[in-house]
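Taking this note's numbering, the leading residue of the sequence shown gets 343, the next gets one more, and so forth. As structure tokens, the structure follows; a few thoughts come after it.
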Amino acid sequence: MNIENLLKIIEIEKDEFEDLHITRFYSSFVVISKGKVIKVTNPDMGYCPLAHYLYDGIRKIKESDSELLKNTIKEAIEEKIDKFGHFTEKRELIRNDIAVPYGASEILMYAMNKKIIDAAVVVCDGAGTVIVNKPEIVQGIGARMNGLFLTSPIKTTINKLKKANCSVVFPDAEINQIEGVIRASKFGYKNIAVTVNGYLEDDLSKLKEIERNLNISVTSLIVCTTGIDEERIKEINEYADIVWSCASQEIREMTGKKAILQISTGIPVFVLTKKGLNLVAGYSSDEQLIRELNSGKQYLISGKCEGTKIGMGNFNACFK
């Protein structure tokens with residue numbers, strides 16, 4: 343889906359707002375302006391594994407009570423605004439601890455600490471596409487962030503990122519991860535990871551073209567996959583390196599079959615390539631084991647399986 347179609351669906355006129363941000367939580371699109379949640383669309387699913395993991399209140403809501411669920415979604419985003427400054431000039435940008443056991447920003451933070459990558463192209467509310475070379479900033483941006491679809495520039499956030507030696511790719515806070523990778527290459531980065539919103543229409547094949555043409559390594563992490571269609575999943579399966587299943591049963595079924603490694607059974611993360619293995623190896627206590635996995639077989643890392651003990655981040659898990 344592109345942004346123009348999304349704005350029509352949620353009935354928002356972009357030009358009417360000086361400050362506008364759109365995120366997604368529990369399948370609902372949430373619209374924020376000037377630090378306030380102004381709209382929550384109806385959720386189209388009854389269960390979100392990440393929301394149930396993070397929020398006690400959501401676990402107690404009956405699936406049929408959509409209005410209560412919408413209000414709880416609103417409160418969850420307001421909590422992010424109040425606690426972490428999301429969508430405001432008080433945005434938290436530095437963090438070193440793990441917020442989600444197998445989150446994208448956590449894996450990127452460890453990979454950057456271990457020099458597996460030298461830059462990450464990520465998205466930050468108030469700044470859009472950002473090139474980051476500090477692990478604590480990667481985690482600060484992404485630790486408690488949901489999928490971001492649209493954002494407006496917030497001068498304080500942009501200035502903080504620039505002072506931290508990050509590059510804000512577009513002054514108007516545009517989100518364009520493909521261009522972000524090209525820009526990172528121009529800055530001299532050779533081993534680049536990039537997060538891509540699976541729900542949007544980024545042409546993943548272009549990342550492979552850029553990689554070949556510019557002689558760099560690009561590892562793609564596909565997030566926010568809830569609700570995507572089969573054609574998009576086929577594209578992801580062909581071109582992506584690591585995929586978060588979110589609440590998508592289709593990702594679990596279609597992508598899971600192609601994965602070399604599945605991390606977690608609750609919210610599976612699927613590693614599809616050797617480059618993906620190289621990145622997640624930095625998050626494990628046995629990097630060599632992960633890097634040398636046979637790409638013709640399938641493996642599982644989970645806290646709920648029997649097998650070889652392995653550390654992932656600061657968690658204990660089993661490998662089989």
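Glycine included, every Cβ here is placed at the ideal spot set by N, Cα and C.
Can you give me the C-alpha to C-alpha distance between residue i and residue j, rounded to a whole angstrom?
{"i": "residue 612", "j": "residue 462", "result": "19 Å"}
{"i": "residue 359", "j": "residue 496", "result": "13 Å"}
{"i": "residue 363", "j": "residue 489", "result": "11 Å"}
{"i": "residue 386", "j": "residue 585", "result": "22 Å"}
{"i": "residue 437", "j": "residue 444", "result": "16 Å"}
{"i": "residue 589", "j": "residue 450", "result": "22 Å"}
{"i": "residue 644", "j": "residue 619", "result": "16 Å"}
{"i": "residue 422", "j": "residue 465", "result": "16 Å"}
{"i": "residue 551", "j": "residue 535", "result": "15 Å"}
{"i": "residue 638", "j": "residue 606", "result": "20 Å"}
{"i": "residue 384", "j": "residue 354", "result": "15 Å"}
{"i": "residue 381", "j": "residue 662", "result": "45 Å"}
{"i": "residue 628", "j": "residue 548", "result": "32 Å"}
{"i": "residue 417", "j": "residue 408", "result": "14 Å"}
{"i": "residue 514", "j": "residue 473", "result": "15 Å"}
{"i": "residue 439", "j": "residue 658", "result": "16 Å"}
Quick check on residue i: does DSSP put it in helix, strand or coil?
{"i": "residue 568", "result": "coil"}
{"i": "residue 412", "result": "helix"}
{"i": "residue 450", "result": "helix"}
{"i": "residue 590", "result": "coil"}
{"i": "residue 426", "result": "helix"}
{"i": "residue 527", "result": "helix"}
{"i": "residue 597", "result": "helix"}
{"i": "residue 444", "result": "coil"}
{"i": "residue 563", "result": "strand"}
{"i": "residue 381", "result": "strand"}
{"i": "residue 541", "result": "coil"}
Is the beta carbon of residue i less than 7 Å from the beta carbon of residue j?
{"i": "residue 583", "j": "residue 615", "result": "yes"}
{"i": "residue 561", "j": "residue 517", "result": "no"}
{"i": "residue 626", "j": "residue 609", "result": "no"}
{"i": "residue 435", "j": "residue 479", "result": "yes"}
{"i": "residue 655", "j": "residue 458", "result": "no"}
{"i": "residue 313", "j": "residue 555", "result": "Within the shown structure, residues of the chain are numbered from 343 to 662, placing residue 313 beyond reach of any answer."}
{"i": "residue 603", "j": "residue 641", "result": "yes"}
If I follow the unbroken beta strand (DSSP E) through residue i, where does it start and stop?
{"i": "residue 651", "result": "650 to 654"}
{"i": "residue 370", "result": "370 to 375"}
{"i": "residue 482", "result": "Here residue 482 belongs to no beta strand (DSSP E); instead the alpha helix (DSSP H) covers 477 to 484."}
{"i": "residue 436", "result": "Element bounds for residue 436: n/a, residue is neither H nor E."}
Between which two residues does the alpha helix (DSSP H) holding residue i run?
{"i": "residue 630", "result": "629 to 633"}
{"i": "residue 502", "result": "497 to 505"}
{"i": "residue 671", "result": "In this structure the chain extends from 343 to 662, so residue 671 is not present and cannot be described."}
What residues match up with residue i in a beta bridge as DSSP calls it?
{"i": "residue 615", "result": "None, per the DSSP bridge assignment."}
{"i": "residue 332", "result": "This structure cannot speak to residue 332, because the chain is shown only from 343 to 662."}
{"i": "residue 658", "result": "653"}
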